[in-house]
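Numbering (this note's numbering), first residue to last: 7 to 442.
By construction, the Cβ of each residue, glycine as well, lies at the ideal position given by its N, Cα and C atoms.
Heads up: the structure comes next, in structure tokens.
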Ligand SMILES: C[S@@+](CC[C@H](N)C(=O)[O-])C[C@H]1O[C@@H](n2cnc3c(N)ncnc32)[C@H](O)[C@@H]1O
């Protein structure tokens, strides 16, 4: 673990990513990323470049380097839950591995699909996560207590699939009537279990997987072909897509698809990782709440935060998740009103200032905050330069800005990931430390 800020700057500057071209072979993902220090080693990919920028009157190094691999799906299989604007598991892994020890508390106050939280749990840290969107804890908590496949199979066989109910909205453009009847039967079963106080970790797992299978582009999803996979288009757009493609929703086996995705999520989970997750689940907390008021997170209790806020108004998390909210019986419009998605940069900066003050409060002395902001408005809006002085105002030291530069892949491009003009895709991580 790194004790001195200067050392971390050296790491960022001299870090050599090795093996992106071949260090990680298919099937090795779990081994590579489930274990501490499991970064692939082979050859240098990109030389680092450092510039100096002024933050609150002090020179701060902004280091451009390739800090993790350009490969898609490099992380542990347990991460494979789609969510708009999630970061790759390698980002939190990079900082968790270098800046914390086993048993340390690792926070993400903008939880999303829980990339930081799951990675922290897999690496023996205590995860603390929250998000204002009530959907997020439903996506994350079950993966800290994953059931075993036979338990999932047995439970799926017990669900009264014939007891479908009225969906309340027209979803015929997404689902065959038989599929919809099964989806509503599952939704009803989960509601009744919850209301009867009988919901358990297997039910919560099945809910998580079903949420993830609601809409997508392959036969592995409940819906007819739809795009993009990590958000649901509106009913009208789906009707247009069906007409354009000459498609009708086919019947799907909901239970079979839940089981298949469960197998896939659990495929690289080893026994020692299960054991670590058990501890993480028992000692960590996953809650719904605002990032600037982390109820239940004690002062000075967090060793590291790795987080990524909403970038101004780029993503409409509530609208993107309307179908998932329907299934989980969450009021998407209510969520939308509460989330931080201001149009004006000043409002966004005000909201981030409040979050950074809260992060100062909960971070222990000597602890770290890695605050990731992407590129918005064609790279013209340097959010890292806005966030850095806000953190200093909140009482944190700005140690460095790490710009992860990655050759973008076709996959990243076609899903509309923001790429800069040189054909690269960057994460900008402002690294702070609490000294006092
Ligand atoms: C960029 S995403 C985080 C993605 C996450 N890093 C991951 O890998 O899944 C931002 C998240 O912030 C949440 N959010 C927006 N405003 C919030 C607020 N005021 N407090 C807490 N969470 C908020 C959104 O619901 C969204 O899940």
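query: My output table needs one value for residue 139: the three-state DSSP class, helix, strand or coil.; result: coil
query: Compare the Cα-Cα distances from residue 150 to each of 170, 164, 165, 128 and report the closest residue.; result: 128
query: Could you check which residue in 105, 64, 252 has the C-alpha nearest to that of residue 376?; result: 105
query: Using a Cβ-based criterion (distance less than 7 angstroms to any ligand heavy atom), does residue 4 qualify as near ligand 1?; result: As shown, the chain starts at 7 and ends at 442. That puts residue 4 outside it, with no answer to give.
query: Answer yes if the segment 309-327 comes into contact with the segment 355-374, meaning at least three C-beta pairs across the two stretches below 8 angstroms, and no otherwise.; result: yes
query: Give a yes or no on whether the C-beta atoms belonging to residue 142 and residue 117 are separated by under 8 angstroms.; result: yes
query: Could you give the distance in angstroms between the alpha-carbon of residue 17 and the alpha-carbon of residue 390?; result: 20 angstroms
query: Measure the beta-carbon distance from residue 258 to residue 185 and round it to whole angstroms, keeping in mind my assumption that it falls under 8 angstroms.; result: 5 angstroms
query: Bridge partners for residue 101 per DSSP, in chain order?; result: In DSSP, residue 101 forms no bridge with anything.
query: From the DSSP output, which residues share a beta bridge with residue 252?; result: DSSP lists no partner for residue 252.
query: Spell out a yes or no on whether the segment 221-235 and the segment 289-309 are touching, meaning 3 or more CB-CB pairs, one atom from each, closer than 8 angstroms.; result: no
query: Is it buried or exposed for residue 126, if we count other Cβ within 10 angstroms and need 16 for buried?; result: buried
query: How big is the Cα-Cα spacing for residue 244 and residue 353?; result: 34 angstroms
query: Taking residue 72 as the reference, give the member of 210, 13, 55 with the closest Cα.; result: 55
query: Going straight from the alpha carbon of residue 37 to that of residue 154, what length do you get?; result: Unreliable positioning characterises residue 37 in this predicted model, as indicated by a pLDDT of 34, which lies under 50. The coordinate reading is nonetheless provided below. Near 20 angstroms, if we compare the C-alpha coordinates of residue 154 and residue 37.
query: Going by the C-beta, is residue 359 closer than 7 angstroms to any heavy atom of ligand 1?; result: no
query: Quick one: what does DSSP say residue 360 is sitting in, helix, strand or coil?; result: helix
query: Can you tell me where the beta strand (DSSP E) holding residue 69 begins and where it ends?; result: 64-71
query: Can you determine whether any heavy atom of ligand 2 sits closer than 7 angstroms to the C-beta of residue 119, and answer yes or no?; result: Ligands in the displayed structure: ligand 1; ligand 2 is not one of them.
query: May I ask which residues mark the beginning and end of the beta strand (DSSP E) holding residue 310?; result: 308-313
query: Please say whether residue 139 and residue 341 have beta carbons closer to each other than 8 angstroms?; result: yes
query: Would you identify the three-state DSSP class for residue 21, choosing helix, strand or coil?; result: coil
query: Does the separation of the CB atoms of residue 329 and residue 261 fall below 8 angstroms?; result: no
query: So residue 158 and residue 212 are supposed to be a Cβ contact under 8 angstroms. How far apart are they, rounded?; result: 7 angstroms
query: Would a check of beta-carbon distances place residue 367 closer than 8 angstroms to chain C?; result: Considering every chain present, this structure includes no chain C. It has just one protein chain.
query: Would you say residue 70 and residue 346 are within 8 angstroms of each other, going by their C-beta atoms?; result: no
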